[in-house]
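*Asks:*
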Amino acid sequence: MPLAPAPAPVLIKIHPQDNVAIVANEGGLPAGTVLPDGLVLAEAVPQGHKVALCDLARGAPVRRYNVVVGYAARDLARGSWVNERVTTMPAARTLDDLPVGTRAIAPPPALAGHTFEGYRNADGTVGTRNILAISTTVQCVQGVVEHAVERIRRELLPRYPNVDGVVGIEHTYGCGVAIDAPDAAIPMRTLRNIARNPNFGGAAMVVSLGCEKLQPERLLAPGAIPIRAGQGMAGAGGVETIVLQDDEHVGFESMIANIMRTAERHLETLDRRRRETCPVSDLVVGVQCGGSDAFSGVTANPAVGFAADLLVRAGGTVMFSENTEVRDGIDQLTARAATPEVAEALVREMAWYDDYLRRGGADRSANTSPGNKKGGLSNIVEKAMGSIIKSGTSNIDGVLAPGERLTRKGLIFAATPASDFICGTLQLAAGMNLHIFTTGRGTPYGLAQVPVIKVATRSDLARRWHDLMDVDAGRIATGQASIEEVGWELFRLMLDVASGRRQTCAEQLKLYNALALFNPGPVT
Numbered sequence: 177m178p179l180a181p182a183p184a185p186v187l188i189k190i191h192p193q194d195n196v197a198i199v200a201n202e203g204g205l206p207a208g209t210v211l212p213d214g215l216v217l218a219e220a221v222p223q224g225h226k227v228a229l230c231d232l233a234r235g236a237p238v239r240r241y242n243v244v245v246g247y248a249a250r251d252l253a254r255g256s257w258v259n260e261r262v263t264t265m266p267a268a269r270t271l272d273d274l275p276v277g278t279r280a281i282a283p284p285p286a287l288a289g290h291t292f293e294g295y296r297n298a299d300g301t302v303g304t305r306n307i308l309a310i311s312t313t314v315q316c317v318q319g320v321v322e323h324a325v326e327r328i329r330r331e332l333l334p335r336y337p338n339v340d341g342v343v344g345i346e347h348t349y350g351c352g353v354a355i356d357a358p359d360a361a362i363p364m365r366t367l368r369n370i371a372r373n374p375n376f377g378g379a380a381m382v383v384s385l386g387c388e389k390l391q392p393e394r395l396l397a398p399g400a401i402p403i404r405a406g407q408g409m410a411g412a413g414g415v416e417t418i419v420l421q422d423d424e425h426v427g428f429e430s431m432i433a434n435i436m437r438t439a440e441r442h443l444e445t446l447d448r449r450r451r452e453t454c455p456v457s458d459l460v461v462g463v464q465c466g467g468s469d470a471f472s473g474v475t476a477n478p479a480v481g482f483a484a485d486l487l488v489r490a491g492g493t494v495m496f497s498e499n500t501e502v503r504d505g506i507d508q509l510t511a512r513a514a515t516p517e518v519a520e521a522l523v524r525e526m527a528w529y530d531d532y533l534r535r536g537g538a539d540r541s542a543n544t545s546p547g548n549k550k551g552g553l554s555n556i557v558e559k560a561m562g563s564i565i566k567s568g569t570s571n572i573d574g575v576l577a578p579g580e581r582l583t584r585k586g587l588i589f590a591a592t593p594a595s596d597f598i599c600g601t602l603q604l605a606a607g608m609n610l611h612i613f614t615t616g617r618g619t620p621y622g623l624a625q626v627p628v629i630k631v632a633t634r635s636d637l638a639r640r641w642h643d644l645m646d647v648d649a650g651r652i653a654t655g656q657a658s659i660e661e662v663g664w665e666l667f668r669l670m671l672d673v674a675s676g677r678r679q680t681c682a683e684q685l686k687l688y689n690a691l692a693l694f695n696p697g698p699v700t
């Protein structure tokens, strides 16, 4: 039987001025492949990796996205494989003399007529899920809370069908740390604001050990009253607190019984809540990428960026993050700043993070992972150019420092490390009620506190991980769909997921990562 003809070679070039293009073919292309313009590959090039479109002398710039993403470390002939081993990384752009508001755009027409079904809270925020959250002041109580949560799920939750779940907000903070150090404000406000996430219904419940440095009154919002469990439901800013070292707890079972009694009161309140029609302006969507590859900036992230623009046009809020993955495009961000104050805040957060890395003996180059490089990303500059695209094209309306909570709508930069888990935790603290996560290499990432929609950059990944990926953006690379079409598909999916009409793959499989606090302060 004759062999089927090999598929035609396909290269993707982002900008007319680029001197490299990436191989789109699954499995890559072998040496000697003749491309449509007569270019012959000098060596085999894996999928997603770059091919030199012209001769590059040593020291010549390597240009992708019309940005210099590296320099040739040696002479590279036309048709060569261009990767991290044959290139050097550009120096970081300084934070001086940046453009401010030079790319600000007039607000596009408002997008009306789109709604979702959500749970409205007393503070005006809206949840996409109705979840009982049990916060903790210190890691010491984690085992007790885990035990109680399992019993609540098994014994109590079936009696409250309008409650979506129960989660323990566990962490490795609270004691053994320099609680009064300046940077301690970051983990403390993160925990405080997670407890206020819209998906938790506004009725907080805290488990404390009793002797920890992070006492309940320090964890809670200023003015909140820590009420001992059993003294009445928390109200007027109060929070029910269970302290395991209290004399009333005689043995482990009495601790569990107290947690479950308190949980049941909260479940009764949550179970009375019903979804109601809400405008898209009540959505707070966090966008993030992890396990990125060279297709991230070609397929998934541009589609997310298109959907982000739709959300902003509808009055909603979109948060993009990951300091090191936007640092090399800081000039693009300040140029989109809605005001000079926003540009100043962007520079302030980048400078703070530069100093944080310097104190740890690292720099931004430590970001790029082996998987990123295997997927065709030579360095953090190239990765950053593809990462920024998921923010769309809107003006940047505000900046949040790590752990801060949203106070306005629009496109917001929430400053976070690029770690998937820390970024997701900080966006949760900021108030997101829906999460979008793009991946090229693949990751089973998920959060129990908020639905996570996973977008695959490649159709091969979407096929292989068919029950882990929600959207196949790889169709953009193959020409089966446009960025706009996938962007609208994602926008409509967001409304369905936010309304509870659909569950994400991670929700169906109950694949949930632990939260990870960002603690740049000392451990004593």
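So for the sequence shown, our numbering puts the first residue at 177; every next one is plus one.
Where is the CB? At the ideal position from N, CA and C, for every residue including glycine.
1. In the DSSP assignment, what are the bridge partners of residue 266?
2. Determine the contact status of residue 493 and residue 586, defining contact as a CB-CB distance below 9 Å.
3. What residue range does the beta strand (DSSP E) around residue 630 cover?
4. Is the number of C-beta pairs between the segment 519–530 and the segment 558–578 that are closer than 8 Å three or more?
5. Please report the straight-line C-alpha distance between residue 648 and residue 661, rounded to a whole angstrom.
6. Using DSSP's beta-bridge definition, name the partner residues of residue 648.
7. What number of angstroms, rounded off, separates the C-alpha of residue 321 from the C-alpha of residue 500?
8. Run through the DSSP bridge pairs and tell me what residue 601 is partnered with.
9. So, at 7 Å on beta carbons, what are the nonlocal neighbours of residue 477 in its own chain, with the 5 sequence-adjacent residues on each side left out?
10. What does the Cβ neighbour count give for residue 219, buried or exposed, with the cut at 16 atoms within 10 Å?
11. Exposed or buried, what is residue 183 when buried is set at 16 or more other beta-carbons lying within 10 Å of its beta-carbon?
12. Specify, as a first and last residue, the run of the alpha helix (DSSP H) that residue 444 falls within.
13. What did DSSP end up calling residue 574 once you bin it into helix, strand or coil?
14. Using the rule of at least 16 other Cβ atoms within 10 Å of the residue's Cβ for burial, across every protein chain shown, is residue 682 buried or exposed?
15. In terms of alpha-carbon separation, which member of 250, 188, 208 lies closest to residue 225?
16. Are the beta-carbon atoms of residue 196 and residue 239 separated by less than 9 Å?
17. Going by the beta-carbon positions, is the gap between residue 365 and residue 581 smaller than 9 Å?
18. Could you check if residue 685 is buried or exposed, using at least 16 other CB atoms within 10 Å of its CB as the buried criterion?
19. Under the three-state reduction of DSSP, which class applies to residue 247: helix, strand or coil?
20. From residue 441 to residue 534, what does the alpha carbon distance come to, in whole angstroms?
21. Just verifying my parser: in three-state terms, what is the DSSP assignment at residue 323?
22. Whose C-beta lies closer than 7 Å to the C-beta of residue 526 among residues of the same chain, with five residues either side of it excluded?
23. Going by CA-CA distance only, name the one from 194, 346, 487 that's closest to residue 312.
24. My output table needs one value for residue 608: the three-state DSSP class, helix, strand or coil.
25. Per DSSP, what kind of secondary structure is residue 188 in: helix, strand or coil?
26. Determine the burial state of residue 622: buried for a count of at least 16 other Cβ atoms within 10 Å of its Cβ, exposed for fewer.
27. So, helix, strand or coil for residue 337, using DSSP?
28. Taking just the CA atoms, how far does residue 544 sit from residue 194?
29. Does residue 627 pass the burial test, meaning 16 or more other C-beta atoms within 10 Å, or should it be called exposed?
30. Rounded to the nearest angstrom, how far is the Cβ of residue 383 from that of residue 435, given a contact under 8 Å?
31. For residue 684, name the three-state secondary structure that DSSP assigns.
32. Nearest-angstrom Cα distance between residue 202 and residue 387?
33. Among all the DSSP beta bridges, which residues are the ones paired with residue 226?
34. Leaving aside the five residues before and after residue 301 along the sequence, list all residues of the same chain whose C-beta is less than 6 Å from its C-beta, in chain order.
35. Applying the criterion that 16 or more other CB atoms from any shown protein chain within 10 Å of the CB defines a buried residue, is residue 437 buried or exposed?
36. So the alpha helix (DSSP H) residue 524 belongs to, where does it begin and stop?
*Replies:* Quick look at the numbers:
1. Residue 266 is not bridged to any residue.
2. Yes, the pair counts as a contact, with Cβ atoms nearer than the cut-off.
3. Counting along the chain, the beta strand (DSSP E) containing residue 630 begins and ends at 628–632.
4. With a cut-off of 8 Å, the segment 558–578 and the segment 519–530 count as touching, because enough Cβ pairs lie within range.
5. Taken atom to atom, the span from the alpha-carbon of residue 648 to that of residue 661 is near 12 Å.
6. Paired residues: 632.
7. Looking at the two C-alpha atoms, the distance is approximately 35 Å.
8. For residue 601, DSSP assigns no beta-bridge partner whatsoever.
9. For residue 477, same chain residues with a beta-carbon under 7 Å away, outside a window of 5 residues either side, are 465, 562, 563, 565, 566, 614 in chain order.
10. Counting of Cβ neighbours within 10 angstroms places residue 219 among the exposed residues, the total staying below 16.
11. Exposed, since its Cβ has fewer than 16 Cβ neighbours within 10 Å.
12. Residue 444 -> alpha helix (DSSP H) spans 428–447.
13. Here DSSP, grouped into helix, strand and coil, assigns residue 574 to strand.
14. By the neighbour-count criterion, in which 16 or more other beta carbons inside 10 Å mark a residue as buried, residue 682 falls on the buried side.
15. Cα-wise, what sits closest to residue 225 is 188.
16. Yes, the Cβ-Cβ distance between residue 196 and residue 239 is below 9 Å.
17. Taking 9 Å as the Cβ cut-off, residue 365 and residue 581 qualify as a contacting pair.
18. Residue 685 should be labelled exposed.
19. In the structure shown, residue 247 falls within a strand segment according to DSSP collapsed to helix, strand and coil.
20. If you take the alpha carbons of residue 441 and residue 534, they lie about 48 Å apart.
21. Helix.
22. Taking residue 526 as the centre and dropping the five residues before and after it, the same chain places the C-beta of 271, 499, 503, 506 closer than 7 Å to its C-beta, in chain order.
23. Of 194, 346, 487, the smallest CA-CA separation from residue 312 is found for 346.
24. Here residue 608 sits in coil by DSSP.
25. DSSP places residue 188 within a strand segment (E or B) once states are collapsed to three.
26. Residue 622 should be labelled buried.
27. Coil, per DSSP.
28. In this structure, the alpha-carbon of residue 194 lies about 22 Å from that of residue 544.
29. Label assigned to residue 627: buried.
30. Yes, they are in contact, since the Cβ atoms of residue 383 and residue 435 sit about 6 Å apart, within 8 Å.
31. Judged by DSSP in its simplified three-state form, residue 684 adopts helix.
32. The C-alpha of residue 387 is placed about 57 Å away from the C-alpha of residue 202.
33. Assignment of beta-bridge partners to residue 226 by DSSP yields 198, 258.
34. Within the same chain, and ignoring the five residues on either side of residue 301 in sequence, the residues whose Cβ sits closer than 6 Å to its Cβ are 374.
35. The residue in question, residue 437, is exposed, as its Cβ has fewer than 16 Cβ neighbours within 10 Å.
36. 516–535 is the extent of the alpha helix (DSSP H) around residue 524.
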